[in-house]
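Going down the list, the protein sequences come from chains A and B.
For the first sequence, the numbering used here puts the final residue at 328, and the numbers step up evenly by one.
For the second sequence, the numbering used here puts the final residue at 656, and the numbers step up evenly by one.
From the three backbone atoms N, C-alpha and C, an ideal C-beta is built for every residue, glycine too.
As the structure is a prediction and not an experimental result, all values here were calculated from the model.
Have a look at the structure below, then the notes.
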Amino acid sequence: MTKKRMIHAINEALFEEMERDEKVILFGEDVGISLFGDTKGLLKKFGPNRVRNTPISETVMTGMAVGAAAAGYRVVCHLMFGNFIYTGFDAIANQAAKLRYMTGGQITLPIVFMAVFGGGKSSAAQHSDSMHPQLMNLGGIKVVTPGSPYDAKGLLKSAVRDDNPVVFLQAGGRGGQNGEVPDEEYIIELGQAIELNNGDDITIVAIGSMVQPAIRATKELSEMNIKVDLIDPRSLVPLDKNKIFSSVRKTGKIIIVDEAKDMCSAASHIAALCVDECFEYLKAPIKRVTVPDVAMPYSPPLEKALIPNHEQIIKSAMSIINDSYKSK
Amino acid sequence: MKKNQKAGNLPTDVLLSMYEQALLIRNVEIQLGADFKNGKLPGPVHLYIGQEAIAVGICQHLSDSDWIASTHRGHGHFIAKGGNIKKLLAEVYGRNDGICHGFGGSMHVADFSKGIIGANGIVAGGIGISAGAALAAQLDNDGNVAIAFFGDGAANQGVLCEALNISSLWKLPLILVCENNGFSEFSPSSTVTAGSIVDRANPYKVPGILVDGNDTIDVWQAGNIAIERARSGGGPTLIEARTYRHRGHVEAEYSFLSEEYQSESEVEKWKERDPLPLLKQQLLNEGISENQLNELSTAVLTDIKEAVDFADKSPWPEKSQATKFMFK
Numbered sequence: 001m002t003k004k005r006m007i008h009a010i011n012e013a014l015f016e017e018m019e020r021d022e023k024v025i026l027f028g029e030d031v032g033i034s035l036f037g038d039t040k041g042l043l044k045k046f047g048p049n050r051v052r053n054t055p056i057s058e059t060v061m062t063g064m065a066v067g068a069a070a071a072g073y074r075v076v077c078h079l080m081f082g083n084f085i086y087t088g089f090d091a092i093a094n095q096a097a098k099l100r101y102m103t104g105g106q107i108t109l110p111i112v113f114m115a116v117f118g119g120g121k122s123s124a125a126q127h128s129d130s131m132h133p134q135l136m137n138l139g140g141i142k143v144v145t146p147g148s149p150y151d152a153k154g155l156l157k158s159a160v161r162d163d164n165p166v167v168f169l170q171a172g173g174r175g176g177q178n179g180e181v182p183d184e185e186y187i188i189e190l191g192q193a194i195e196l197n198n199g200d201d202i203t204i205v206a207i208g209s210m211v212q213p214a215i216r217a218t219k220e221l222s223e224m225n226i227k228v229d230l231i232d233p234r235s236l237v238p239l240d241k242n243k244i245f246s247s248v249r250k251t252g253k254i255i256i257v258d259e260a261k262d263m264c265s266a267a268s269h270i271a272a273l274c275v276d277e278c279f280e281y282l283k284a285p286i287k288r289v290t291v292p293d294v295a296m297p298y299s300p301p302l303e304k305a306l307i308p309n310h311e312q313i314i315k316s317a318m319s320i321i322n323d324s325y326k327s328k
Numbered sequence: 329m330k331k332n333q334k335a336g337n338l339p340t341d342v343l344l345s346m347y348e349q350a351l352l353i354r355n356v357e358i359q360l361g362a363d364f365k366n367g368k369l370p371g372p373v374h375l376y377i378g379q380e381a382i383a384v385g386i387c388q389h390l391s392d393s394d395w396i397a398s399t400h401r402g403h404g405h406f407i408a409k410g411g412n413i414k415k416l417l418a419e420v421y422g423r424n425d426g427i428c429h430g431f432g433g434s435m436h437v438a439d440f441s442k443g444i445i446g447a448n449g450i451v452a453g454g455i456g457i458s459a460g461a462a463l464a465a466q467l468d469n470d471g472n473v474a475i476a477f478f479g480d481g482a483a484n485q486g487v488l489c490e491a492l493n494i495s496s497l498w499k500l501p502l503i504l505v506c507e508n509n510g511f512s513e514f515s516p517s518s519t520v521t522a523g524s525i526v527d528r529a530n531p532y533k534v535p536g537i538l539v540d541g542n543d544t545i546d547v548w549q550a551g552n553i554a555i556e557r558a559r560s561g562g563g564p565t566l567i568e569a570r571t572y573r574h575r576g577h578v579e580a581e582y583s584f585l586s587e588e589y590q591s592e593s594e595v596e597k598w599k600e601r602d603p604l605p606l607l608k609q610q611l612l613n614e615g616i617s618e619n620q621l622n623e624l625s626t627a628v629l630t631d632i633k634e635a636v637d638f639a640d641k642s643p644w645p646e647k648s649q650a651t652k653f654m655f656k
């Protein structure tokens, strides 16, 4: 094990996968110079055929990812900020998500669309969206949201090897986050949640950027003798429902922490699933800790007011612990 | 006389092959038009009647290892690239033996084994995809090319500029074939398209060729120049083929449009320049007998009858299959 930043873990995953399979190609805006550091060194190592800087042309880039994948390549299409998924959305939503299905399963489309998502860096509304719910609703796209350097590397390697389109969303504010990463090769299968803490009192499901505040909340709740079952789904499509359900059956209480806007968020979807499958086990209302349905503001105090933190998670937990909600 | 001289450059068997393909496309479309009118088709169809010279003139240069991406008006390209008409008809009829097992229908006919990435329901959806297939062909370095067929309506989508820019920069083996049929769905081109489409190639230093899209030999010659250039590493070409859509945008419009946007006199005028009689005359000028051409025509009609029988006999897809093919 070696301590690495998340962005370095991602960089390693790309190096290893491009080394392993010469059909892996990567393109995107400024991938040579690498704004975030995740594609640093790839151009030098693998050359300008397999690693290409593109013009700022998301519409054609996402389309090209589909065409090159249909024609036999494993494509990593780097879209920089998640909001730029919207400018290239036609080929993601109308082509990548549907082409295999529409053509009766004639092809596979091994594509990874990479981007950072979420707020927290005063990048303002057009660089701070958490758009995983829109992607989850497309049907034909896998959605991966790593919460640690270890997960980021293992999941990205798995995403590159996957024969389906995958959107790999790295929490924008977490690139510098440190964590232990194995020195030997490993992959993490998509659709397997991880239990980050074992407890019997309450389940907390935390997504992407929300994993760190949830870990802090878990520690502080533990000091109050409230034991949290903390789960990071790691991928939202496919979603490891069973791990969440078995935790809810154990604790009877669940909070879902998601940086998406509340309406039709991953949190609301998971909440609905828990009602369907675990209704008789629930001892309290399901709580969603999400972002209000507004755009992300620029100024730090405004941004802080909207992005969920450990205090909100603790407050939300306390509201359903010890049946306190019943006295309301 | 001029046409005769031009035909002299082409082997007779090439001319005959193109005529046969054009006849096949024309009569399949006539069949589907009648099928729609008789309520046999579950969904909309956009017929290629009048534009056959373009698909056959371009696809004559291609093999199965070259790629084409097409449009919602895509049956002609499918047939010209070697797609099976039994499977085409079964698909448009919504049957299990369709080329996409009934999952795609008219707007999504594709056969990847023949290099047919497919028709596309999104106007200009095929442009980015074919640029990606061209990238794959460039990386494969086997001299293969990718063709994007699109209409004058699609020329007004921004992705055309993006594709011209990136394909010029990267010298992609891409041929952008704009079939200017005079209409953007229900809007005459003059009301929605500024300037000249072929001239849009100039600022990107992409060669542009304007051809008579009703003259198969003209199209063949432009295709020859563009495809040879692409195969030898010379990069992309934009071909604008001026033609005319004999039918409406979509067959269903005859039952719902209250206002005329395509005058009968205009259709009649263009029928005088129908690509099929024009090509037939060129063959007669080459010394091919009327008898031989009639035999060809009879054979084509027999093939279509067999294809209709095949499609009619094919079962509907099982309901249980509806969730198949989303992911591999």
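query                                                                                                                       : result
N-terminal and C-terminal residue of the alpha helix (DSSP H) that B:Trp644 is part of                                      : Segment: none, B:Trp644 is in no alpha helix (DSSP H) and carries neither H nor E.
Residues bridged to A:Thr203 (per DSSP)                                                                                     : A:Asp229, A:Ile254
Bridge partners - A:Ala214, DSSP secondary structure assignment                                                             : Note: A:Ala214 sits in no beta bridge, so no partner.
Short-range partners of chain B found in the region 127 to 148 of chain A, where Cβ spacing is below 8 Å                    : Gly139, Gly140, Lys142
Cβ shell of A:Tyr150 (< 6 Å), same chain only, five flanking positions each side left out                                   : Gly179, Val181
Close beta carbons around B:Met346, own chain, < 6 Å, minus the five adjacent residues each side                            : Val384, Gln388, Thr544
Spatial distance of B:Ile386 from A:Met80 (CA atoms)                                                                        : 38 Å
Contact check, B:His405 vs A:Gly104, beta carbons under 8 Å                                                                 : no
Residue interval of the alpha helix (DSSP H) (run including A:Gly154)                                                       : 149 to 161
As assigned by DSSP and simplified to three states, the class of A:Glu12                                                    : helix
Contacts of A:Arg100 in chain B (Cβ-Cβ under 9 Å)                                                                           : Phe653, Met654, Phe655, Lys656
8 Å Cβ cutoff met for B:Arg575 and B:Gly371                                                                                 : no
Beta carbon of A:Pro213 nearer than 8 Å to that of A:Ile320                                                                 : no
Sequence-distant residues of its chain with Cβ nearer than 6 Å to A:Glu58 (five each side left out)                         : Phe84, Thr87, Gly88
Contacting positions in the region 449 to 466 of chain B - beta carbon closer than 9 Å to chain A                           : Gly449, Ile450, Ala452, Gly453, Gly454, Ile455, Gly456, Ile457, Ser458, Ala459, Gly460, Ala461, Ala462, Leu463, Ala464, Ala465, Gln466
CA nearest to the CA of B:Pro643, picked from B:Gly562, B:Arg423, B:Trp395, B:Asn412                                        : B:Arg423
3-residue-minimum beta strand (DSSP E) runs that sit fully inside the region 164 to 201 of chain A, ordered along the chain : 166 to 171, 178 to 181, 194 to 197
Residue of A:Ala65, A:Arg74, A:His127 minimising C-alpha distance to A:Ala93                                                : A:Ala65
Near-chain B residues of the region 39 to 73 of chain A (beta-carbon distance less than 8 Å), N- to C-terminal order        : Asn49, Arg50, Arg52, Thr54, Pro55, Ser57, Thr59, Val60, Met61, Thr62, Gly63, Met64, Ala65, Val66, Gly67, Ala68, Ala69, Ala70, Ala71, Gly72, Tyr73
Residue environment, B:Asp470, which counts as buried when at least 16 other CB atoms sit within 10 Å                       : exposed
7 Å CB neighbourhood of A:Ser247 in its chain, flanking five on each side removed                                           : Thr203, Asp229, Ile231
Alpha carbon of A:Glu12 to alpha carbon of A:Lys153, nearest angstrom                                                       : 7 Å
Contact with chain A by B:Met329, beta-carbon distance below 8 Å                                                            : For B:Met329, the predicted model reports a pLDDT of 35, less than 50, meaning its position is unreliable; a value from the coordinates is still stated below. Not closer than 8 Å to any Cβ of chain A, the Cβ of B:Met329 fails to qualify, so no.
B:Lys533 beta carbon less than 8 Å from that of B:Ser496                                                                    : yes
For A:Asp30, the nearest candidate out of A:Asp21, A:Lys304, A:Glu184, A:Ala115 (CA to CA)                                  : A:Ala115
8 Å Cβ cut-off: residues of chain B touching A:Met83                                                                        : According to the sequence as given, residue 83 of chain A is Asn; it is not Met. Per Cβ cutoff of 8 Å: no residues; A:Asn83 is ~18 Å from chain B at best.
Rounded distance between the beta-carbons of B:Ile382 and B:Val473, thought under 8 Å                                       : 16 Å between Cβ atoms; not a contact.
Any C-beta of chain B under 8 Å from that of A:Asp163                                                                       : yes
Which listed residue (B:Arg573, B:Lys652, B:Gly449, B:Lys415) has its alpha carbon closest to that of B:Trp598              : B:Arg573
C-beta neighbour in chain B for A:Gln106, strict 8 Å                                                                        : yes
8 Å Cβ cutoff met for B:Phe477 and B:Gly510                                                                                 : no
Neighbour list for A:Ile25 in chain B, Cβ cutoff strictly below 9 Å                                                         : Leu463, Ala464, Leu467
Sheet register partners of A:His359 (DSSP bridge)                                                                           : The structure shown does not extend to residue 359 of chain A, since chain A is modelled only from 1 to 328, so the question has no answer here.
Reduced DSSP secondary structure (H/G/I, E/B, other) of A:Thr2                                                              : strand
Distance CB(B:Thr571)-CB(B:Ala554) smaller than 8 Å                                                                         : no
3 or more residues per run - each beta strand (DSSP E) lying fully within the region 555 to 613 of chain B                  : 565 to 570
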